[in-house]
Amino acid sequence: MFRYVLKNYMNNNNNRVLIIRHFSSVNANANFNDKTIELHITKNNTTTKHSFPFVWLRDNCKCDACLHKASSSRIINWEQFDLNVKPKSVEYHNERKILKIKWNDKDEHISEFSYEWLEARNFSKSNREEYLKKFYCLPKKLWGKNEYSSAMEYFDFTKILESDLELYKWLKSFSINGIATITGVSSTENEVRKIADRVGFIRKTHYGEEFMVKAKDNTSNVAYLSSNLQMHTDLPYYEYVPGVNLLHCLVQSKSDGAQNLLVDGFYIAEKLRKEYPKEFKLLTTVLIDWSDIGQEDEKSFHSIYRAPMICTDYDGRLTRINHSIPQRDSFFAVPIEEVQEWYKALSLFIKLIYDEAIELKTKEGTILCFDNRRAVHGRKQYIDTDDNCRHIIGAYLDWDEIYSKLRVLQKKYDENFKYVI
1 MFRYVLKNYM NNNNNRVLII RHFSSVNANA NFNDKTIELH ITKNNTTTKH
51 SFPFVWLRDN CKCDACLHKA SSSRIINWEQ FDLNVKPKSV EYHNERKILK
101 IKWNDKDEHI SEFSYEWLEA RNFSKSNREE YLKKFYCLPK KLWGKNEYSS
151 AMEYFDFTKI LESDLELYKW LKSFSINGIA TITGVSSTEN EVRKIADRVG
201 FIRKTHYGEE FMVKAKDNTS NVAYLSSNLQ MHTDLPYYEY VPGVNLLHCL
251 VQSKSDGAQN LLVDGFYIAE KLRKEYPKEF KLLTTVLIDW SDIGQEDEKS
301 FHSIYRAPMI CTDYDGRLTR INHSIPQRDS FFAVPIEEVQ EWYKALSLFI
351 KLIYDEAIEL KTKEGTILCF DNRRAVHGRK QYIDTDDNCR HIIGAYLDWD
401 EIYSKLRVLQ KKYDENFKYV I
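So for the sequence shown, the UniProt record's numbering puts the first residue at 1; every next one is plus one.
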């Protein structure tokens with residue numbers, strides 16, 4: 001077995017320096033202070049620098065006593081964990097391509113890490129950003145009216161069901177653009193469930209698992225009316241809002257109406273952030289009560305959730321749009337002096353979404369897919385007749401399920417995938 005030879009000495013900065021030499025032409029060196037190991041490894045004439053904290057390395061030991069291999073889950077006993085743990089010795093085995101660490105604890109525990117595994121997890125800013133954009137969550141491509149045609153991509157129903165590669169292409173495009181259309185769908189009522197099952201699990205709400213959209217009188221949901229349906233996001237009164245809306249068109253109205261309205265709410269939010277910062281701040285900070293009261297399948301419900309119209313995370317990134325005129329509660333728990341200004345911001349938001357909204361009349365045999373946390377949508381009025389009643393079957397998915405499936409497929413089909421588990 002080839003092995004690096006290790007020597008320790010103190011440099012002028014009072015840091016311990018670890019010289020790693022291999023008996024071949026490949027050279028590497030490392031130094032470490034009281035908390036980190038810093039590796040310099042030359043590969044194909046390129047030297048890369050990787051720094052790893054002792055505490056992190058020990059916490060992520062991959063031996064059988066510290067990691068349950070079948071579930072890839074940490075089982076290290078933290079009641080006995082030493083936050084000040086340090087290495088007693090460090091070895092790099094070139095033939096096995098592993099870093100081997102013997103710790104200075106009482107049992108001289110040994111941890112081994114592959115170079116590939118460590119490289120994927122190095123703490124450099126560029127690597128952290130790459131992980132967030134390429135594996136954790138693909139970056140979103142925002143679109144307005146002019147970019148819609150390139151954002152909307154089409155995928156074949158049968159191919160998605162039969163091919164993992166086609167499933168991967170659909171989910172990747174959809175996660176980036178927030179919209180997609182599935183074509184070649186039969187007119188039976190369970191087809192949307194087949195797509196949901198292909199990804200993971202259908203999301204059940206108080207409207208059930210699948211829901212039928214047909215004009216009906218005395219409904220508890222304005223979506224079941226044939227009149228104009230104002231632009232909105234679905235179920236803003238859910239704290240854990242369904243992430244994806246799937247709408248299967250079985251019968252389309254032959255009347256002049258029934259066009260769907262669709263806009264990228266994140267595109268509008270970024271426009272507000274850039275051009276109308278005052279209104280953006282109001283819409284991201286003022287809490288709104290969203291509510292839904294009614295009865296479905298003889299079960300009564302009264303849902304309430306408080307959140308701004310535009311939600312962001314700790315880093316200011318957009319995470320969710322909440323908008324529904326019917327479901328915005330009359331309870332408005334804000335200081336009275338904020339009310340008028342908030343309504344002005346709301347009015348601007350509504351103007352912008354209608355300015356950028358595209359119209360499309362979905363065709364029979366298609367499933368319109370859109371990100372319910374991002375896409376604001378509506379529908380124009382239509383007229384049913386005795387021989388032509390518009391008929392849509394809908395269902396929800398959660399983004400957790402989509403991202404999970406996407407990562408599984410990414411390991412299989414992304415030739416640049418490097419995130420070894």
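C-beta atoms are modelled at their ideal positions from N, C-alpha and C, and glycine is treated no differently.
Does residue i pass the burial test, meaning 16 or more other C-beta atoms within 10 Å, or should it be called exposed?
i	result
Ile268	buried
Asp234	buried
Leu406	buried
Asp292	buried
Cys63	exposed
Got a sec, what are the start and stop residues for the alpha helix (DSSP H) residue i sits in?
i	result
Gln340	339 to 356
Gln410	399 to 413
Leu99	Segment 98 to 103 is the beta strand (DSSP E) holding Leu99; no alpha helix (DSSP H) there.
Val213	Run containing Val213: none in the alpha helix (DSSP H); it sits in the beta strand (DSSP E), 210 to 213.
Arg58	54 to 59
Phe157	157 to 162
Who are the near neighbours of residue i in its chain, counting only those whose CB is closer than 8 Å to its CB and skipping five residues on each side?
i	result
Glu279	Leu272, Lys344, Ala345, Leu348, Phe349
Ile176	Leu138, Pro139, Lys140, Lys141
Cys61	Leu67, Ile76, His109, Ser111
Check residue i in the structure and name its three-state DSSP category.
i	result
Ala180	strand
Asn388	strand
Val286	coil
Asn77	coil
Val199	helix
Lys49	strand
Ser291	strand
Lys62	coil
To the nearest angstrom, how far is it from the Cα of residue i to the Cα of residue j?
i	j	result
Thr158	Gly184	7 Å
Val90	Val408	34 Å
Leu262	Arg74	44 Å
Met152	Asp264	11 Å
Lys240	Asn94	The question names Lys, yet the displayed sequence has Tyr at residue 240. Each residue's alpha carbon lies about 48 Å from the other.
residue 435	Asp329	For the chain, the structure presents residues 1 to 421; residue 435 sits outside this window and is missing.
Leu287	Lys145	29 Å
residue 438	Ser72	Since the displayed the chain opens at 1 and closes at 421, residue 438 lies outside it and no answer follows.
Glu359	Gln259	6 Å
Gly378	Gln410	33 Å
I'd like the list of long-range same chain contacts for residue i, defined as Cβ closer than 6 Å, with 5 residues on each side in sequence excluded.
i	result
residue 508	Look at the range of the chain in this structure, 1 to 421, and you will see that residue 508 is not part of it.
Arg373	Gly243, Arg320
Ser24	Caution is warranted here: a pLDDT of 41 is assigned to Ser24, below 50, making its placement in the model unreliable, and the coordinate value is therefore given only provisionally. The answer is none, since no qualifying residue turns up.
Ala395	Val192, Ala196, Ile202, Glu210, Leu246
Excluding sequence positions up to five away, which residues of its chain have a Cβ less than 7 Å from the Cβ of residue i?
i	result
Ser255	Tyr382, Ile383
In terms of residue numbering, what span does the beta strand (DSSP E) encompassing residue i cover?
i	result
Ile310	310 to 312
Ile321	318 to 321
Leu229	229 to 232
Ala307	299 to 307
Glu112	110 to 114
Glu147	It is not in any beta strand (DSSP E) - Glu147 carries neither H nor E in the DSSP assignment.
Asn416	It is not in any beta strand (DSSP E) - Asn416 carries neither H nor E in the DSSP assignment.
Pro366	What sits at residue 366 in the sequence shown is Thr, not Pro. Where Thr366 is concerned, the enclosing beta strand (DSSP E) stretches over 366 to 371.
Lys122	Correcting the residue type first, residue 122 is Asn in the shown sequence and not Lys. Careful: Asn122 lies outside any beta strand (DSSP E) and carries neither H nor E.
Lys43	36 to 43
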